[in-house]
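If you use the numbering used here, the sequence shown corresponds to residues 14 to 241, in order. Here a beta-carbon is modelled for each residue, glycine too, at the ideal position from N, C-alpha and C.
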Amino acid sequence: MPTISPPTHADSWPRRDECLAAIDRDGFTILPHLLPQDMIDRANAYIDERCARFDREEEDPGYSETDIVEHDPVFREFLLYLPSLQLSYDVFGPMFHLGQDKWTRKFRVDEGKDPMSLTWHSDGPLGFPEVNGYAPLHTLRFGYLMSDSTHGDSGTLEVIRGSHRKRTLHAQESIHWQPFSGHRPDDFETDHVTVQGPAGTIVAFHNGIWHRAQNNRSDIPRTIVYFQ
């Protein structure tokens with residue numbers, strides 16, 4: 014796979030160091046860039062068309078699709094979006110590769126109709142070596158919010174700030190059942206962050222951070238594109 018040269022606009026992004034420091038300190042950062050509206054519109058048009066092909070049951074919370082760079086050219090633009098490449102280059106150097114490309118769309122789920130939401134979990138390092146019991150940064154995941162999440166009950170991404178610096182728990186194991194991990198009940202109050210923003214907001218997060226997505230309780234379908 015060809016290596017990537019340093020992006021040419023590196024010196025013109027004054028908040029790059031802040032973003033890198035936030036990933037190290039907090040486990041996530043919000044990029045100071047909104048995805049271009051044209052990319053948002055074309056990606057959502059593709060997702061709309063795909064969703065229209067399915068007969069959705071009322072209980073169905075939503076749809077998702079993987080390997081999307083193979084399905085529509087707009088997602089190759091996500092893959093090559095310069096601010097994301099810049100952060101990836103700064104973290105990993107020139108040798109990194111695509112590990113996941115997908116979109117998800119979650120529809121409204123009313124109270125009392127509760128398909129399983131995505132509970133608190135970490136994305137690693139199952140299968141990767143630990144460093145002194147902690148999860149090293151081996152994956153940087155980018156979430157592109159394709160719908161407005163500034164309103165409440167959107168089912169958007171939630172994280173526990175700094176949880177990548179706790180003792181490692183493998184993916185899908187519950188924080189609540191692992192007291193030796195160093196997680197405290199207070200973490201869910203003082204360090205619990207709901208990632209909100211308009212369509213086009215980009216969040217990058219460390220594989221070791223604990224995160225979740227609850228059910229969408231609003232009338233606005235929640236759409237996110239993920240690249241890692």
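Beta-carbon separation (whole angstroms), SER160 vs ARG235, contact threshold 8 angstroms: With a contact defined as Cβ atoms closer than 8 angstroms, SER160 and ARG235 qualify at about 6 angstroms.
Take the Cβ of GLN50 as the centre, count every other Cβ of all protein chains shown within 10 Å, and call the residue buried at 16 or more, exposed below. The residue in question, GLN50, is exposed, as its Cβ has fewer than 16 Cβ neighbours within 10 Å.
Is the separation between the beta-carbon of CYS32 and that of PRO45 shorter than 9 angstroms? The criterion of a C-beta distance shorter than 9 angstroms is satisfied by CYS32 and PRO45.
Sorted by chain position, which residues of the same chain lie with C-beta nearer than 8 angstroms to GLN113's C-beta, five sequence neighbours on each side aside? Once the five neighbours on either side are set aside, the close Cβ partners of GLN113 are THR79, ARG154, TYR239, PHE240 and GLN241.
Would you mind giving the Cβ-Cβ distance between ILE53 and GLY213, rounded to the nearest angstrom? I have them listed as a contact below 8 angstroms. ILE53 to GLY213, Cβ: 6 angstroms. Contact.
For TRP133, which of GLY75, SER77 and ILE173 has the nearest alpha-carbon? When each option's Cα is compared against that of TRP133, the closest is ILE173.
Alpha carbon to alpha carbon, what distance is there between PHE141 and LYS119? Between LYS119 and PHE141, the C-alpha separation is close to 31 angstroms.
Could you tell me whether the Cβ atoms of ILE222 and SER167 are closer together than 9 angstroms? No, Cβ-Cβ distance for ILE222 and SER167 is not below 9 angstroms.
What residue does the alpha helix (DSSP H) around PHE141 start on, and which one ends it? No residue range can be given for PHE141, since it is assigned to no alpha helix (DSSP H) and is classified by DSSP as neither H nor E.
Given LEU47 as reference, the closest of PRO96, THR207 and SER101 once Cα atoms are compared: Looking from the CA of LEU47, the closest CA among PRO96, THR207 and SER101 belongs to PRO96.
Who are ARG118's beta bridge partners in DSSP? Answer by DSSP bridge pairing, in chain order: TYR76 and THR236.
Comparing C-alpha positions only, which one of TYR76, ALA58 and GLY106 sits nearest to ASP85? Taking only the C-alpha atoms, the option nearest ASP85 is ALA58.
Beta-carbon separation (whole angstroms), ASN229 vs VAL122, contact threshold 8 angstroms: Confirmed, Cβ separation roughly 6 angstroms.
Assuming GLY156 and VAL206 are in contact, meaning their beta carbons sit under 8 angstroms apart, how far apart are those beta carbons, in whole angstroms? 13 angstroms between Cβ atoms; not a contact.
With a 10 Å radius around its C-beta and 16 neighbouring C-beta atoms as the bar for buried, classify VAL144 as buried or exposed. Counting the other Cβ atoms within 10 Å of the Cβ of VAL144 gives fewer than 16, which makes it exposed.
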